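Heads up, the thing below is written out as structure tokens.
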Amino acid sequence: MRVPPGPTPVTGGTAELLADADRDGAWMLLVNGTPQSHVDLDDPAHLEFEYVRRMGHVLDLAAEPGAALDVVHLGGGALTLPRYVASTRPGSRQRVVEIDEPLTELVREYLPLPRRARIRVRAADARAALETMHPGSADVVITDVFAGARTPAHLTTTEFAAEAARVLRPGGVYVANVADGPPLRFARAQVATLRTAFPHVCLLAEPGTLRGRRFGNLVAVASATELPLADLSRACARDPMPARVVDGTDLEQFTGTAQPVTDAEAQPSPEPPAGVFGR
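Quick note, the sequence shown lines up with residues 1 to 279 if you use the UniProt record's numbering.
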């Protein structure tokens, strides 16, 4: 592959691809100095970021091992999870929505996608693109969108959750990266919001983040049907940084009195503190 350039202007600011000194063939994508993605070109099934690995567990359990899936990725970055699905579930049809077209061009030029991977990338706003998709056309919808280091407000609401539920097939799964810190008001409200569209919701997160000790990434998982909670718990417990699966009564206590968020009152996710995520 060609050697990537230095810092490069993109729609969202400045992007840079840095080689991983610990893994040959692996690269880190930074946008405005914040790590956004990690890609191992030699081993696309390797997921470096802990929260991305948890999303990978959800994908692993979304169907029988190796079975192809229809996946919608809202937010592309360096296309880490699309590469993962193409590697672990050959033949999967994947639609990626990434608003930053120059960023996608940079990634595709210097971190080429696997041959024969059925990955289509569209430059558009994530919610606007979701609203154009056919009902029941996806097995999994993943939201991992950031403007700067914050999730845009219009991707955090009951109206947005309803659109995700509409696009999913019966038994489909919605997955979202929820970045928050103490006192976790945003994460609690996101659980309440998802519950307006999905009867089954859980959170995957490492214990320190769940206890409000630090800012971090929680993974919200939702579906119209029961989630594979026991299998998710086992997978998360085996990770280098083990995570908890919060559901049932524990999730009720976590959510507390938090109310669902609507379009009329939505705010972006909290700004990470200085120094978090390499900022």
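All C-beta atoms in this analysis are idealised placements derived from N, C-alpha and C, irrespective of residue type, glycine included. Remember, predicted model here, so these are calculated numbers, not experimental data.
Of the residues Gly-172, Thr-156 and Tyr-84, the one whose Cα lies closest to the Cα of Arg-118 is Tyr-84.
Inter-segment contact for the stretch 28-35 and the stretch 126-144 is absent: fewer than three beta-carbon pairs are separated by less than 8 Å. Less than 7 Å divides the Cβ of Pro-7 from the Cβ of Thr-14.
The alpha-carbon of Thr-225 is positioned some 36 Å away from that of Pro-112. For Pro-207, the enclosing alpha helix (DSSP H) covers residues 207-210. Ranked by how close their Cα comes to the Cα of Val-191, the residues Val-52, Arg-53, Pro-260 and Thr-88 have Pro-260 in first place. Looking at the DSSP output, Cys-202 sits in a beta bridge with Val-221. Judged by beta-carbon spacing, Val-178 lies within the 7 Å limit of Ala-220, meaning their Cβ atoms are closer than that value. By the Cβ rule, the stretch 202-222 counts as touching the stretch 232-245, because three or more pairs are nearer than 8 Å.
Inter-residue distance for Asp-22 and Pro-44 is about 15 Å (C-alpha atoms, whole angstroms).
Under the DSSP definition of a beta bridge, Asn-177 partners with Val-219.
Excluding its 5 nearest sequence neighbours in each direction, Ala-149 has C-beta neighbours in its own chain below 6 Å: Thr-34 and Pro-272, listed in chain order.
Counting along the chain, Val-261 sits inside no beta strand (DSSP E), nor does DSSP assign it H or E at all. Thr-143 is bridged by DSSP to Leu-74 and Ala-176. Going by beta carbons, Pro-114 and Val-96 fall outside the 7 Å limit. Just so you know, the alpha carbons of Leu-229 and Arg-2 end up roughly 43 Å apart. For Leu-130, same chain residues with a beta-carbon under 8 Å away, outside a window of 5 residues either side, are Val-72, Leu-74, Val-97, Val-141, Phe-160, Glu-163, Ala-164 and Val-167 in chain order.
A direct Cα-to-Cα measurement between Val-107 and Ala-78 gives close to 6 Å. At the C-beta level, Leu-251 and Gly-212 stay beyond 7 Å of one another. Taking the CA atoms as reference points, Leu-69 sits about 30 Å from Gly-12. Rounded to the nearest whole angstrom, the CA to CA distance from His-154 to Ser-87 is 32 Å.
Residues Thr-88, Arg-89 and Pro-90 of the same chain have their beta carbon placed closer than 8 Å to that of Gly-66, with the five preceding and five following residues left out of the count.
Nearest Cα to Cys-236 within the set Ala-19, Val-39 and Met-55: Met-55.
Where Thr-157 is concerned, there is no enclosing beta strand (DSSP E), because DSSP gives it neither an H nor an E.
Among the bridge pairs identified by DSSP, Gln-94 is matched with Val-71 and Ile-119. For Ser-137, there is no enclosing alpha helix (DSSP H), as DSSP gives it neither H nor E. Cβ-Cβ distances below 6 Å link Thr-262 to Thr-157 and Thr-158 in the same chain, with the five nearest sequence neighbours on each side left out; the list follows chain order.
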